[in-house]
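Novice: Pasting in a structure now, in structure tokens, and then I'll have a few things to ask.
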Amino acid sequence: MSRPLAVSAVRKRFGDVPVIGGVDIGVPAGEILALVGPSGCGKSTLLRLIAGLDTHYAGEISVDGSVICGPDPRVGLVFQEPRLFPWLTLAQNVAFGLHDPDGAEARRLVADALAVMGLASFAHALPKHVSGGMAQRAALARALVTEPQVLLLDEPFSSLDAFTRMKLQDHLLAAWQRYRPTLVLVTHDLDEAVYLADRVVLLSERPSRVQDVLRVAPARPRDRRDPSLLGLRVALLEALHLERGAVGAAS
Amino acid sequence: MSAGIFDPYQLPPPLLVAEAAVSLWRRGLLQSDIAITCLRVLEGFAIGSVFAVLLGTVTGFWRRAEEALEPTLQALRTVPTLAWAPLLLLWLGIDEAPKIALVAIGAFFPVYVNLVAGIKGVDRKLIEVARVYNLSDLQIARRVVLPASLPDLLTGLRLGATQAWLFVVVAEFFGSTQGLGFRLTDSQLTTRVDLMFVALVVLAILGKITDSILRVVERRLLSWRDTLGQMPS
Ligand SMILES: Nc1ncnc2c1ncn2[C@@H]1O[C@H](COP(=O)(O)OP(=O)(O)OP(=O)(O)O)[C@@H](O)[C@H]1O
Ligand SMILES: [Mg+2]
Chain V
2 MSRPLAVSAV RKRFGDVPVI GGVDIGVPAG EILALVGPSG CGKSTLLRLI AGLDTHYAGE
62 ISVDGSVICG PDPRVGLVFQ EPRLFPWLTL AQNVAFGLHD PDGAEARRLV ADALAVMGLA
122 SFAHALPKHV SGGMAQRAAL ARALVTEPQV LLLDEPFSSL DAFTRMKLQD HLLAAWQRYR
182 PTLVLVTHDL DEAVYLADRV VLLSERPSRV QDVLRVAPAR PRDRRDPSLL GLRVALLEAL
242 HLERGAVGAA S
Chain R
2 MSAGIFDPYQ LPPPLLVAEA AVSLWRRGLL QSDIAITCLR VLEGFAIGSV FAVLLGTVTG
62 FWRRAEEALE PTLQALRTVP TLAWAPLLLL WLGIDEAPKI ALVAIGAFFP VYVNLVAGIK
122 GVDRKLIEVA RVYNLSDLQI ARRVVLPASL PDLLTGLRLG ATQAWLFVVV AEFFGSTQGL
182 GFRLTDSQLT TRVDLMFVAL VVLAILGKIT DSILRVVERR LLSWRDTLGQ MPS
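As structure tokens, this is what we get:
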């Protein structure tokens, strides 16, 4: 049953610029991990490494005990933008990553994923006819339908308005309940981090390392007004500021 | 109506043109002219576009193929199109082959250039989605790059069709005994301006019909596009 994600001693440089300076993260199966850190510290880069889109790095990344050395069906990725194919309907977009996108089995899985995302009645709509929030929900459905063990999310809700964002966070939790993937969520929104995550990993400035790990205790479903969540948010904010202050003092 | 600057031998009144068309039709010549010219356009356009799509896909996709082929194609493209005619006559003889080849050359370049530009313009972010699902280059070409560059391909096909009509007339100027282009030169030699106008009007109509057909195809195939051109009118 255990199918964890292990990131060990990962370092990554672009030319002469070291971006990731040695990161170790272990994520237990089914955990929701939030990754926060200053802009440019390599969060998106780390997700690309885990997704196997870039294999030029030092260290090791493995899922379920086997090393990731390229795009892998066990790892899914959702981007900041929906990136739907405009010529496909939502259902066809969701089926994109399945082996036989037109088969009966695919149809069943797609219908399931769309329903979980509350998009059942928009299966045949084209991307140009749906809102940004719905498009992003379709993108989530596309990532979930292949049932990856690890789902990576790179600021998936950051371009949405606050209200839609909260709605999508709950959609994400519902989908997580249904598919139980290990989630790694990169976010700049500290409220989002403490509302969704089991643990929040704080990365330092470039070249990044793990600076701090905070455990989010309250059981789900959580109340967004829970004082302990607000307390964690303050702690995170202070840690981030501390980081910035340290850089200011050094330079 | 045609009194004044031009005398009727230069600019015949519409009624005369219509009469000429009817008499040409009665003799079965108008039908055969239209048929033979349409056939040449169809064949040349088909051959030219198929080559353009094959070659455009290859050079748009594989940088190495582009580096190998692009300089040659660029050079060929700068040759004024009429300059091909004598060479083709020499190479291919005076029957159907050179005419169809000339039409094919005319159709080829707009299709090729637009398709390559379309492929190069495909959003890298969409290709990255396909890469996450570990699709092969061929699958990415078929499932992402070609649909994404379809708008440019269709633009190219429309321009290519226009070129095909242009080139067929040029092709029929040389060593032809049939077709609307032949009718133009023939009526010039026999100073039958009325027949000349018949050919011109028919060419205009056929060109327009071709473009309308391709526009309908375009609208159908590109209804997914979220652009001004796709707004319901
Ligand atoms: N392909 C690349 N080539 C060169 N440098 C790159 C490349 N991709 C990213 N970088 C650099 O690596 C650093 C980390 O980028 P990355 O996008 O991972 O940061 P991030 O933590 O996701 O930032 P943000 O929070 O703003 O999204 C940046 O300084 C960026 O300029
Ligand atoms: Mg980023």
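In the order they appear, the protein sequences are chains V and R. All residue numbers for the first sequence refer to the numbering used here, where the first residue is 2 and numbers rise by one. All residue numbers for the second sequence refer to the numbering used here, where the first residue is 2 and numbers rise by one. For each residue, glycine too, the CB sits at the ideal point set by N, CA and C. Just so it is clear, the structure is predicted and the values come from calculations on it, not from any experiment.
1. When you measure from the CB of LYS13 of chain V to every non-hydrogen atom of ligand 2, does any distance come out below 6 Å?
2. Apply the 10 Å Cβ neighbour rule to ILE21 of chain V and answer buried if 16 or more other Cβ atoms are within range, or exposed otherwise.
3. With 7 Å set as the bound, which would you pick, yes or no: does the beta-carbon of SER3 of chain R sit closer than that to a beta-carbon of chain V?
4. State the DSSP-derived secondary structure class of LEU86 of chain V, mapped to helix, strand or coil.
5. Per DSSP, what kind of secondary structure is VAL146 of chain R in: helix, strand or coil?
6. For GLY22 of chain V, which three-state DSSP category applies?
7. Can you find a C-beta in chain V that's less than 7 Å from the C-beta of PRO152 of chain R?
8. Check whether the Cβ of VAL79 of chain V sits closer than 6 Å to any heavy atom of ligand 1, and report yes or no.
9. Could you list the residues in the segment 62–84 of chain V with a C-beta less than 9 Å from some C-beta on chain R, going in chain order?
10. Closer than 6 Å: is that where the CB of LYS44 of chain V sits relative to any heavy atom of ligand 2?
11. Can you confirm whether GLY98 of chain V, when its beta carbon is compared against all beta carbons of chain R, has any partner nearer than 7 Å?
12. Who are the Cβ neighbours of LEU116 of chain R in its own chain at under 8 Å, not counting the five residues just before and after it?
13. I'd like the list of long-range same chain contacts for LEU173 of chain V, defined as Cβ closer than 6 Å, with 5 residues on each side in sequence excluded.
14. Looking only at DSSP bridge pairs, what is SER63 of chain V linked to?
15. Give the straight-line distance between the Cα atoms of ARG216 of chain V and ARG200 of chain V, rounded to the nearest whole angstrom.
16. Can you name, in chain order, every residue of its own chain whose Cβ lies under 7 Å from the Cβ of LEU93 of chain R, other than the five neighbours on each side?
17. Looking at GLY60 of chain V and ligand 1, is the gap between the Cβ and the nearest heavy atom below 6 Å?
18. List the residues of chain R that PRO129 of chain V touches, going by C-beta distances under 8 Å, in chain order.
19. So, are the CB atoms of LYS126 of chain R and ARG84 of chain V less than 7 Å apart?
20. Is the Cβ-Cβ distance between THR188 of chain V and LEU6 of chain V less than 7 Å?
21. Of the choices R:ALA172, R:MET197, R:PHE175 and R:GLY176, whose alpha-carbon is the least far from that of ARG184 of chain R?
22. Using only the alpha-carbon positions, how far apart do ARG143 of chain V and TRP166 of chain R sit?
23. Kindly list, in the order they appear in chain R, the residues whose Cβ is closer than 8 Å to that of PRO19 of chain V.
24. For TYR58 of chain V, I'd like the list of residues in its chain whose CB is within less than 8 Å of its CB, leaving aside the five on either flank, ordered along the chain.
25. Counting only Cβ pairs nearer than 8 Å, list the residues of chain V close to THR54 of chain R.
26. Please classify ALA236 of chain V: does DSSP put it in a helix, a strand, or coil?
27. Whole angstroms are fine: how far does the CA of LEU230 of chain V sit from the CA of GLU206 of chain V?
28. For the alpha helix (DSSP H) containing ILE37 of chain R, name the first residue and the last one.
29. What is the DSSP secondary structure of ALA19 of chain R, reduced to helix, strand or coil?
30. Taking only heavy atoms of ligand 1 into account, decide whether any of them is closer than 6 Å to the Cβ of VAL24 of chain V.
31. Excluding the five sequence neighbours on either side, which residues of its own chain have a C-beta within less than 8 Å of the C-beta of MET71 of chain V, listed in chain order?
Specialist: If we stick to the structure as given:
1. Incorrect: LYS13 of chain V has no Cβ contact closer than 6 Å to ligand 2.
2. By the neighbour-count rule (16 or more Cβ atoms within 10 Å), ILE21 of chain V is buried.
3. Interpretation of SER3 of chain R is limited by its pLDDT of 45, a score under 50 that renders its predicted location unreliable; the figure taken from the coordinates is listed afterwards. By this cut-off, SER3 of chain R is not an interface position.
4. According to the sequence shown, residue 86 of chain V is Phe rather than Leu. In the structure shown, PHE86 of chain V sits in coil (DSSP, three-state: anything other than H, G, I, E or B).
5. In the structure shown, VAL146 of chain R falls within a helical segment according to DSSP collapsed to helix, strand and coil.
6. Note: GLY22 of chain V maps to strand in three-state DSSP.
7. Not closer than 7 Å to any Cβ of chain V, the Cβ of PRO152 of chain R fails to qualify, so no.
8. Remark: the shortest separation between the CB of VAL79 of chain V and any heavy atom of ligand 1 does not fall under 6 Å.
9. Listed in sequence order: GLY71, PRO72, ASP73, PRO74, VAL76, GLY77, LEU78, PHE80, GLU82 and ARG84.
10. Within the cutoff, so yes.
11. Closer than 7 Å to some Cβ of chain R, the Cβ of GLY98 of chain V qualifies, so yes.
12. The answer, listed in chain order, is ALA53, VAL54, GLY57, THR58, GLY61, SER150, ASP153, LEU154 and GLY157.
13. Correct list: empty, nothing qualifies.
14. Looking at the DSSP assignment, SER63 of chain V forms a beta bridge with V:ALA7 and V:VAL68.
15. So the two alpha carbons sit approximately 4 Å from each other.
16. The answer, listed in chain order, is PRO99 and ALA102.
17. No; taking the cut-off as 6 Å, the Cβ of GLY60 of chain V has no heavy atom of ligand 1 nearer than that.
18. Before going on, a small fix: residue 129 of chain V reads as Lys here, not Pro. For LYS129 of chain V, the neighbours in chain R by C-beta distance under 8 Å run, in chain order, TRP225, ARG226 and ASP227.
19. Yes, the pair counts as a contact, with Cβ atoms nearer than the cut-off.
20. Taking the C-beta atoms as reference points, LEU6 of chain V is found no nearer than 7 Å to THR188 of chain V.
21. Among R:ALA172, R:MET197, R:PHE175 and R:GLY176, the Cα nearest to that of ARG184 of chain R belongs to R:MET197.
22. Those two C-alpha atoms are separated by around 46 Å.
23. Those within 8 Å of PRO19 of chain V in chain R number zero; the least Cβ separation is about 24 Å.
24. Taken in chain order, the residues that qualify are VAL11, ARG12, LYS13, ILE21 and LEU50.
25. Strictly speaking, residue 54 of chain R in this sequence is Val, with Thr absent from that position. What VAL54 of chain R touches in chain V: nothing, since even the nearest Cβ is about 18 Å away.
26. If DSSP states are grouped into helix, strand and coil, ALA236 of chain V belongs with the helices.
27. The straight-line gap from Cα to Cα measures roughly 25 Å.
28. Start and end: 30–62.
29. Three-state DSSP puts ALA19 of chain R in a helix.
30. Outside the cutoff, so no.
31. For the record, residue 71 of chain V in the displayed sequence is Gly; it is not Met. Taken in chain order, the residues that qualify are GLY53 and THR56.
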